[in-house]
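Engineer:
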Amino acid sequence: MKALNTAACALGLLALAGAAPSAQARDCKRLTKTEGAVIGGVGGAVLGKVIAGGTTGTVLGAVAGGVAGHEIARKNRKKCRYR
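Residues -25 to -1, 1 to 58 in mature numbering (1 follows the signal peptide of the UniProt record, and there is no 0) are what the sequence shown lists, from first letter to last.
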């Protein structure tokens, strides 16, 4: 139960860290590949620790999350329009 609470807190902090201050910034801000890899790596590490446990689960989760976050950020090319 403690691991689940830790995972929920970590994911909540990640969500708050990615929040944009204004609506326009939120519409136009996109993650760089590095930001995507870092956020994915942290999220993957937390999930790996919760699911598999131990150091091996954490490391494998971080690697998988980092790769996934990098690829998602790379493919998510949103165009901004200013009015």
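From the three backbone atoms N, C-alpha and C, an ideal C-beta is built for every residue, glycine too.
In whole angstroms, what is the alpha-carbon distance linking Gly23 and Arg5?
Structural biologist: So the alpha carbons of these two residues sit roughly 26 Å apart.
Engineer: Quick one: give me the first and last residue of the alpha helix (DSSP H) that Ala39 is part of.
Structural biologist: That run of the alpha helix (DSSP H) goes 29 to 50.
Engineer: For Gly28, is the classification buried or exposed, using 16 other Cβ atoms within 10 angstroms of its Cβ as the cut-off for buried?
Structural biologist: Looking at its Cβ environment, which holds fewer than 16 other Cβ atoms inside 10 Å, Gly28 is exposed.
Engineer: Go through its chain and collect everything with a Cβ distance to Gly44's Cβ below 6 Å, but skip five positions before and after it.
Structural biologist: Only Gly11, Ala12, Ile14, Gly15 meet the Cβ criterion.
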